[in-house]
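Below: the structure, in structure tokens.
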Amino acid sequence: MPGRLQNKVALITGAGSGIGLESSLLFASEGANVLLVDVALTGAQKGLGLIQERYPNVKADVFQADVGKEHDVRAAVDKAVQVFGRLDIMFNNAGIMHPEDDNALNTEERIWDLTMQINLKGVWWGCKYAILAMRQNKRDDQLGLHEGGSIINTASFVAIRGAATPQLAYTASKGAVLAMSRELAMVHAKEGIRVNALCPGPLKTPLLMDFLDTPEKRDRRLVHLPMGRFGEAVELAKAALFLASDDSSYVTGSDFIVDGGLSAAYVTAL
Ligand code: NAD
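Residues in the sequence shown are numbered from 21 upward in steps of one, following this note's numbering.
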């Protein structure tokens, strides 16, 4: 059985941890050739090792890039095309939640700017260079490859729900990712380039768990989660796989919510 991403080329940012790492492994297991991109190479190298061990038939590589720098993002896309010949899937997933990000009164401008640089501009540049690369894609019926491609941008549930535990710059950056993704989906739909935003709920990954470092902080959130638990990175990877694959060929411009029901909740069950 060919995999759901057989012969496709995927670039995943933030591939060294959490959603990005699980997606790298899952995409490779479905036959994709994967470029694992991260600002810190240790986790991405680990992911590469696992892919080489488990899925020897796919090609994979790592690339060090800070998505907050346009030059780095461009170089990462160039690398994917140079090594694998094309780019079918761009997963703009890297993001930060800064510990000093707070409410309107306490958030310093440098924290705001850093957050926007990585979470918003990084996604914009990822889309920009992915679109340019995807425009070059030729149909190959033998390999089952199409024109265009699939872009997935990681936003967050906080783009659609307010939190009284504020991280203003983070929330604003994710709201912008959601709006930007929708508009890009409209502009590029007729080129066969699909753009969807992935909206994860709170997850058991370092990004959130490093921050929720006491039982009190975790319980403050858990009471609002209908399933009574945080999500797992692999549960987001499975959603990203759907958006990356041809199974979602008629899905574009969506706010793809994977939050365990959080955004549907008023009162949760005891
Ligand atoms: P994570 O911290 O486990 O992994 C993030 C990865 O991104 C790390 O490997 C890190 O090195 C990399 N990274 C950070 N800054 C980078 C940069 N400038 N350039 C390149 N790589 C960089 O986080 P995660 O939980 O897997 O989060 C992935 C995405 O999901 C983020 O965009 C995050 O905002 C979003 N998200 C997470 C949650 C959650 O609860 N964890 C909820 C909603 C949305």
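Quick reminder that beta carbons are idealized off the backbone N, C-alpha and C, glycines included.
Nothing here was measured: the structure is a model prediction, and the numbers come from that model.
The residue from Pro76, Asn126, Ile151 with its alpha-carbon nearest to that of Gln187 is Asn126. Asp121 has its alpha-carbon roughly 42 Å from the corresponding atom of Leu165. Under the three-state reduction of DSSP output, Phe231 falls in the coil class, being neither helix nor strand. Under the three-pair Cβ rule at 8 Å, the segment 97-108 counts as touching the segment 73-89. For Met110, the enclosing beta strand (DSSP E) covers residues 109-112. In the structure shown, Ser201 falls within a helical segment according to DSSP collapsed to helix, strand and coil. One alpha carbon belongs to Ser201, the other to Cys147, and they sit about 9 Å apart.
Around the beta-carbon of Asn123, fewer than 16 other beta-carbon atoms lie within 10 Å, marking it exposed. Shown here for Ser193: same chain residues with a beta carbon closer than 6 Å to its own, the five before and five after excluded, namely Thr135, Met136, Asn139, Leu140 in chain order. Contact check for Gly115 and Gly168: beta-carbon distance about 25 Å, past the 8 Å limit, so the pair fails to qualify. In the displayed model, Ala175 falls within coil according to three-state DSSP, outside both helix and strand. With a cut-off of 7 Å, the C-beta of Pro246 is classified as distant from ligand 1, since no heavy atom of the ligand falls inside that distance.
With fewer than 16 other Cβ atoms from the protein chains shown falling within 10 Å of its own Cβ, Thr62 counts as exposed. When the five nearest sequence neighbours on each side are left out, the beta carbons in the same chain lying within less than 6 Å of the beta carbon of Asp108 are those of Lys28, Val29, Gly169, in order along the chain.
Relative to Trp145, the option among Glu90, Arg241, Glu50 whose CA is nearest is Glu90.
Membership of Thr288 in any alpha helix (DSSP H) is not indicated, and neither H nor E is assigned to it by DSSP. For Ser37, the shortest C-beta to heavy atom distance toward ligand 1 is below 7 Å.
With 16 or more other Cβ atoms from the protein chains shown falling within 10 Å of its own Cβ, Asp58 counts as buried. The beta carbons of Gly251 and Gly221 sit closer together than 8 Å. Of the heavy atoms belonging to ligand 1, at least one sits nearer than 7 Å to the Cβ of Leu223.
For Gly105, DSSP records no beta bridge to any residue.
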